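Read the structure below first, then the notes.
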Amino acid sequence: MKLVVLISGRGSNLQAILDAGLPVEVAAVLSNRKSAAGLQLAEARGIPAHSLAHTEFPDRAEFDQAMMRVIDGYAPDLVVLAGYMRILSDAFVQHYAGRLINIHPSLLPSYPGMDTHARALADGVKIHGCTVHLVTPVLDRGPVIVQAAVAVRSDDTAETLGARVLAAEHKIYPLAIRWFAERRLVFGDDGKVNLLNDEGSEQSVFYPGA
Ligand code: NHR
Ligand code: GAR
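In my numbering, the protein residues as written are 48 to 257.
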């Protein structure tokens, strides 16, 4: 099972994926920012690391086409967005349909988009978390694969809450990739994802509070 991972920054989810002992090969890492720390991490592990600056392309469609050419050179089974911060064109999403996943720092469909921890705190919600989902053209609305719940504390700031959510991300993203690699995920026509258990039947997917 070959993966290509797309990042924009720090790369802590990339690191969690690399350190999880998964039955996968991370064939390449791509960033839309040259300064992304995750690129050095990839290089240190001997993984080809590419940066394509979106600012050097005339529009989103042409940038995405350039990304697709590099990605397809590695013939990945799965494309993993790990803190990748560019909205993807429909052509890109369709090209990788069923093999493109993202981790988002909220319990989707709550808090799509940016600044999720500050928005959750402003609303006074008591449970927050993160979601691994299949990417579809509608932003942050693709089928949910797995979620982790994180209890909000009365003294939380966006930083303290975000740090606990990030720790949960580092658990569920490798877990979801393992299930994908083991071909245990079933993407139903109803837009729902189920997990095959050892008996071969389906069970709903969840991750108890992290
Ligand atoms: N693309 C599609 N088509 N569908 C999804 O579900 C996607 C996607 C691209 C990225 C990740 C997502 C997240 O987890 C993701 C899901 C970036 C933005 C954004 O507004 C929104 C959602 C996500 C990632 N990006 C700005 C843009 O104009 C740039 C922001 C910046 O550079 O700081 O692309 O939340
Ligand atoms: C993670 O919290 C990820 O969920 C989030 O960015 C962070 C990346 O951290 N993704 C988004 O907000 C996507 N819009 P990392 O680079 O250390 O993995």
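Heads up, the beta-carbon is just placed ideally off N, CA and C, and yes, glycines get one too. The model shown is predicted, which means the values in this text are computed figures rather than measured ones.
Short CB-CB distance (under 8 Å) between residue i and chain B
i      : result
Asp106 : No chain B is part of this structure, which consists of one protein chain only.
Candidates the options, of which the one nearest residue i by Cα
i      : options                        : result
Val252 : His217, Asp237, Ala195, Val199 : Ala195
Ser272 : Glu72, Val212, Ser78           : Residue numbering for the chain in the displayed model covers 48 to 257; residue 272 lies beyond these limits and cannot be assessed.
Ala138 : Asn149, Met115, Phe104, Pro105 : Met115
Glu90  : Val76, His101, Leu99           : Val76
Thr178 : Asp203, Ala205, His217, Val185 : His217
Ala129 : Asp111, His151, Ser248, Ala205 : His151
Gly176 : Ala215, Ala63, Pro105, Asn60   : Ala215
Gly85  : Tyr143, Leu53, Arg188, Arg166  : Leu53
Gln112 : Gly160, Leu135, Arg92          : Leu135
Pro95  : Arg133, Gly120, Ala74          : Ala74
Ala122 : Ser82, Met161, Leu50, Tyr158   : Leu50
His142 : Ile118, Pro105, Ala83, His101  : Ile118
Residue i burial status per 10 Å Cβ neighbour count (16 or more: buried)
i      : result
Ser78  : buried
Gly145 : exposed
Ser201 : exposed
Arg230 : exposed
Gly171 : exposed
Pro70  : exposed
Ala198 : exposed
Asn60  : buried
Pro221 : buried
Leu186 : exposed
Asn149 : buried
Ile174 : exposed
Ala210 : exposed
Ser55  : buried
Val233 : exposed
Gly189 : buried
Gly238 : exposed
Ala169 : exposed
One or two residues paired with residue i in a DSSP bridge
i      : result
Gln87  : Answer is none; Gln87 lacks a bridge partner.
Glu249 : Leu243
Leu77  : Leu53, His97
Gln194 : Thr178
Glu72  : Lys49
Any non-hydrogen atom of ligand 4 within 7 Å of residue i CB
i      : result
Glu216 : Among the ligands present in this structure, namely ligand 1 and ligand 2, ligand 4 is not found.
message = In chain order, what are the residue ranges of uninterrupted beta strand (DSSP E) at least 3 long that sit wholly in the segment 108 to 182?
response = 125 to 128, 147 to 151, 174 to 181
request  = Could you tell me which uninterrupted alpha helix (DSSP H) segments, each at least 4 residues in length, are contained entirely in the segment 201 to 243, listed from first to last along the chain?
outcome  = 205 to 228
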